[in-house]
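In my numbering, the protein residues as written are 179 to 431.
Worksheet for the structure shown next.
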Amino acid sequence: MANARSTIAVTGRIHDRAAELTVTGTLDGTTYRELRDTVIKSALDEPTAVIVDVTELAVPTESAWSVFTSARWHVSVWPDVAILLVCGQSASRVAIARNGITRYVELFPTLEAARAAVCVGDTVQPRRRARAQLPAVHSSLRRARALTAEWLLAWSRSEMIAVAALIVDVLVENVLEHTQSAPALIIESRGSTVTIAVEDNSQMPAVRHEHPRRGAGAVSGLAVVAALSRTWGSTPTSTGKTVWAVVGPESAL
């Protein structure tokens, strides 16, 4: 007989631009991915930080605490949002530290201490961000390009429109061709970089597939994205995934 699935519950709120999640239930192999992807999705909304209170979370196997280092790894390049843990149980704090989690994720005994740390460290560069939900129709390609140009012009980033439009074309077209979902377009400007991201409801990660004879060098949509961008990735979320690319001044066409 298959092992019964454990349950986990996450409640959230926003406090001073930081996302605060409270997790209860049991963290094990049956709930690991659900919790990881929920934390990631919260970070992708780009709060100043994600604070996760795990005081009432049961973790029968200590290695499962690595769910938080996994979540942090997925958002470390973009959107680079800090993940902080709060745990009022001293035994659990010892277990978290013993398993190396605090090398990547800060740990605090109280919510107030975590909030104070976010306020002290809130010196990130300002971001401009726009998002639009698009229908699952081919004309969304044209609409996505138009929105990208409109937003970048409004942010005085016209030099990035050409490269951003090319990447938008690839990412939106991939959603329309390979998933059953409607794409959501996100464009962000931060410092000298621009990030292009597209959300969908498919759990299948975006990967470059090698041609049987020409290998990974064969020109494909994601090969174009890789060539044009500073870095790119496919980040899982609780509802699907977000495929993103970061471009800088060196990417301008």
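In this text, a Cβ means the ideal position worked out from N, Cα and C, and glycines have one as well.
(Q) To test your reading of the DSSP string, which unbroken alpha helix (DSSP H) runs of 4 or more residues are found completely within the region 263-314? (A) 268-276, 289-299
(Q) Ignoring anything shorter than 3 residues, give me the beta strand (DSSP E) runs that lie fully in the region 332-368, in order along the chain. (A) 362-368
(Q) How far does the alpha helix (DSSP H) with D215 in it extend, from its first residue to its last? (A) 210-222
**Q.** Nearest-angstrom Cα separation, counted from S317 out to I274
**A.** 49 Å
Q | Per DSSP, the bridge partner or partners of G411 | A | W422
Q | One or two residues paired with E198 in a DSSP bridge | A | R191, I229
Q) What's the call for E328, buried or exposed, on a 16-neighbour Cβ count within 10 Å? A) exposed
Q | Closest by C-alpha distance to V425, when choosing among A227, V255, T189, E224 | A | V255
(Q) Less than 6 Å between C-beta atoms, sequence neighbours within five positions excluded: which residues of the same chain meet that for A260? (A) A227
Q | Same chain, Cβ closer than 7 Å to R195, five either side skipped, listed in chain order | A | P225, T226
**Q.** Buried versus exposed, by CB contacts within 10 Å (16 or more), I192
**A.** exposed
Q. How far does the alpha helix (DSSP H) with A404 in it reach, from first residue to last?
A. 399-406
Q: Mark C297 as exposed unless 16 or more other C-beta atoms lie within 10 angstroms of its C-beta, in which case mark it buried.
A: exposed
Q. Are the CB atoms of V402 and S412 nearer to each other than 7 Å?
A. no
Q: Check the DSSP bridge columns for T326 and list the partner residues they point to.
A: For T326, which the question treats as bridged, DSSP gives no partner whatsoever.
Q. In whole angstroms, what is the alpha-carbon distance linking I218 and T208?
A. 17 Å
Q: Give me the Cα-Cα distance between T204 and V237, rounded to the nearest whole angstrom.
A: 6 Å
Q | Meets three-Cβ-pair contact criterion under 8 Å: the region 330-343 and the region 367-374 | A | yes
Q.
Within a Cβ cutoff of 6 Å, which residues of the same chain sit near T357, ignoring the five residues on either side of it in sequence?
A. D378, S380
Q) How would you call V385, buried or exposed, if buried means at least 16 neighbouring beta carbons within 10 angstroms? A) exposed
(Q) Can you find the residues in the same chain that come closer than 6 Å, C-beta to C-beta, to T371, ignoring five residues on each side of it along the sequence? (A) V424, G426
(Q) For the region 237-253 against the region 265-283, do three or more pairs of beta-carbon atoms, one drawn from each stretch, fall closer than 8 Å, so that the two count as touching? (A) yes
(Q) With the cut-off set at 7 Å, would you say V232 and L263 are in Cβ contact? (A) yes
Q: Answer yes or no: do T415 and D258 have a C-beta to C-beta separation smaller than 7 Å?
A: no
Q. Between the beta-carbon of V341 and the beta-carbon of S429, is there less than 7 Å?
A. yes
Q. Leaving out the 5 sequence neighbours to the left and right, which residues in its chain are closer than 6 Å to T185 when beta-carbon positions are compared?
A. G203
**Q.** Residue from A294, A269, W251 whose Cα sits closest to the Cα of Y282
**A.** W251
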